[in-house]
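Enquirer: Can you read through this structure? Questions will come right after.
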Amino acid sequence: MSQVESDVKTLVIDEQEVSAQAGQTILEVALENEIKIPTLCHLEGLSDVGACRLCLVEIKGNSKLLPACVTVVQEGMEVSTNSERLQKHRRTILELLFAERNHICSVCVSNGHCELQTLGQEQGLTHVRLPYRNPELGVDASHERFTVDHNRCILCTRCVRVCAEIEGAHVWDVMGRGINSVVITDLHEEWGKSTCTRCGKCVQVCPTGALFDKSKIGSDHPKYPDFLPYLNLMREAQ
Ligand code: FES
């Protein structure tokens, strides 16, 4: 058997037999086969960190739910992506996200262009059963072009990863632990005084209204996170 043949894995996702390359994640294989798994922290072109847990899937023979974006396929795996148990968990995860900070869509700059909002709608979330925490979090508008509103941040770390992995600037990071975690620029400098290159990639990949362009306030504010694979392609071509 050649090396290439032995690197091919066969598995079942939602009763559909699919093949994959060794090392691919369940999410990658599902996407290749047009099987939709909800995600928030995942973004094509960035490394995966398994932060949001929305992509949890069930694997036969394993009592734990595993995040599809960081779980590598195995020969003979039987994966379920949309069971009742998973739907319940996804709903609860979304409710926790909505309850944790101040996500008030009607007064958000990303209303209508927010991945959290869209997922809530897709999962049929009509209300949150958990008490809202209503934290008093700051807004840093010190940057000449952009603003970070920590009330809208879901700590997906896309901004941290795009800044490090694509821009190579390493300006964003996460400070604190658990419920006290916040994204910061440099060593908790104001964004406007940080070493930010002003490229705006972090703003484009932010799934919510946490990072936004000041010039777009009060107007239609779409973001374009799909540009990353093209940047990677161009980089590889050079
Ligand atoms: S997309 Fe997999 S954990 Fe967030």
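Each residue of the sequence shown is one higher than the one before, starting from 2 at the first, in my numbering.
For each residue, glycine too, the CB sits at the ideal point set by N, CA and C.
Taking the beta strand (DSSP E) that glutamine 22 belongs to, which residues open and close that run?
Expert: Counted from its first residue, the sequence shown places residue 22 at position 21. Looking at the DSSP string, the run of the beta strand (DSSP E) that includes glutamine 22 is 17-22.
Enquirer: Classify valine 204 as buried or exposed, calling it buried when 16 or more other Cβ atoms lie within 10 Å of its own Cβ.
Expert: By one-based count along the sequence shown, residue 204 stands at place 203. With 16 or more other Cβ atoms within 10 Å, it is buried.
Enquirer: Can you tell me whether serine 216 is buried or exposed? The criterion is at least 16 other CB atoms within 10 Å of its CB, across all chains shown.
Expert: In the sequence shown, residue 216 corresponds to position 215, counting from 1. Serine 216 is exposed by the Cβ-count criterion.
Enquirer: Just reading off the alpha helix (DSSP H) that methionine 235 is part of, what are its end residues?
Expert: The residue labelled residue 235 in the question sits at position 234 within the sequence shown. Start and end: 229-238.
Enquirer: Decide if aspartate 8 is buried, meaning its Cβ has at least 16 other Cβ atoms within 10 Å, or exposed.
Expert: In the sequence shown, residue 8 corresponds to position 7, counting from 1. The residue in question, aspartate 8, is exposed, as its Cβ has fewer than 16 Cβ neighbours within 10 Å.
Enquirer: Taking only the alpha-carbon atoms, compute the straight-line gap between leucine 212 and glycine 121 and give it to the nearest angstrom.
Expert: Translated into the one-based positions of the sequence shown, residue 212 becomes position 211. Translated into the one-based positions of the sequence shown, residue 121 becomes position 120. In a straight line, the C-alpha of leucine 212 is about 20 angstroms away from that of glycine 121.
Enquirer: Is leucine 57 helix, strand or coil when you go by DSSP?
Expert: If you number the sequence shown from 1, residue 57 lands on position 56. Reduced to three states, the DSSP call for leucine 57 is strand.
Enquirer: Within the same chain, show all residues whose beta-carbon is closer than 8 angstroms to that of glutamine 124, passing over the 5 residues directly before and after it, in chain order.
Expert: As a working mapping, residue 124 is identified with position 123 in the sequence shown. If we look at glutamine 124 and ignore the five residues flanking it on each side, its Cβ neighbours are Pro39, Gln88, Arg91, Arg92 and Leu95.
Enquirer: Is it right to say leucine 44 is buried, meaning 16 or more other beta carbons lie within 10 angstroms of its own, or is it exposed?
Expert: As a first step, residue 44 is located in the sequence shown; it is residue number 43 there, counting from the start. Buried: at least 16 other Cβ atoms inside 10 Å.
Enquirer: Rank Leu131, Ala31, Ala170 and Leu57 by C-alpha distance to the C-alpha of leucine 66 and give the top, closest one.
Expert: Locating residue 66 in the sequence shown gives position 65, counting from the first residue. Out of Leu131, Ala31, Ala170 and Leu57, Leu57 has the C-alpha closest to the C-alpha of leucine 66.
Enquirer: Can you have a look at glycine 77 and say buried or exposed, based on whether 16 or more other CB atoms are within 10 angstroms of its CB?
Expert: Counting from 1 along the sequence shown, the entry for residue 77 is found at position 76. It counts as exposed.
Enquirer: Residues in the same chain with beta-carbon distance under 7 angstroms from histidine 114, minus the five sequence neighbours each way, listed in chain order, please.
Expert: Here residue 114 refers to the residue found at position 113 when the sequence shown is read from its first residue. For histidine 114, where only same-chain residues beyond five positions count, the Cβ hits under 7 angstroms are His222, Pro223 and Lys224.
Enquirer: Closer than 6 angstroms by C-beta to glutamine 25: which residues in its own chain qualify, once you throw out the five before and the five after it? Chain order, please.
Expert: Locating residue 25 in the sequence shown gives position 24, counting from the first residue. Around glutamine 25: Val74.
Enquirer: From lysine 202 to phenylalanine 147, what does the alpha carbon distance come to, in whole angstroms?
Expert: Against the sequence shown, residue 202 aligns to sequence position 201. Against the sequence shown, residue 147 aligns to sequence position 146. Using only the alpha carbons, I get a separation of about 11 angstroms.
Enquirer: Quick one: Cα of serine 107 to Cα of glutamine 118, how far?
Expert: Residue 107 sits at position 106 when you count from the first residue of the sequence shown. Residue 118 sits at position 117 when you count from the first residue of the sequence shown. Cα to Cα, the separation comes out at about 11 angstroms.
Enquirer: If you draw a straight line from the alpha carbon of valine 80 to that of glutamine 22, how long is it in whole angstroms?
Expert: Here the question's residue 80 lines up with position 79 in the sequence shown. Here the question's residue 22 lines up with position 21 in the sequence shown. Computed Cα separation, rounded: 16 angstroms.
Enquirer: Hey, would you say valine 163 sits closer than 7 angstroms to cysteine 197, going by beta carbons?
Expert: Against the sequence shown, residue 163 aligns to sequence position 162. Against the sequence shown, residue 197 aligns to sequence position 196. No.
Enquirer: Cβ atoms of valine 19 and aspartate 49: under 7 angstroms apart, would you say?
Expert: Walking along the sequence shown from the start, residue 49 turns up at place 48. Walking along the sequence shown from the start, residue 19 turns up at place 18. No.
Enquirer: Quick check for students: name the residue ranges of the beta strand (DSSP E) that lie wholly in the region 86-166, counting only runs of 3 or more.
Expert: Here the runs fully enclosed are 147-150.
Enquirer: Hey, how far is the Cα of glutamine 17 from the Cα of lysine 194?
Expert: As a first step, residue 17 must be located in the sequence shown, where it is residue number 16. As a first step, residue 194 must be located in the sequence shown, where it is residue number 193. In a straight line, the C-alpha of glutamine 17 is about 52 angstroms away from that of lysine 194.
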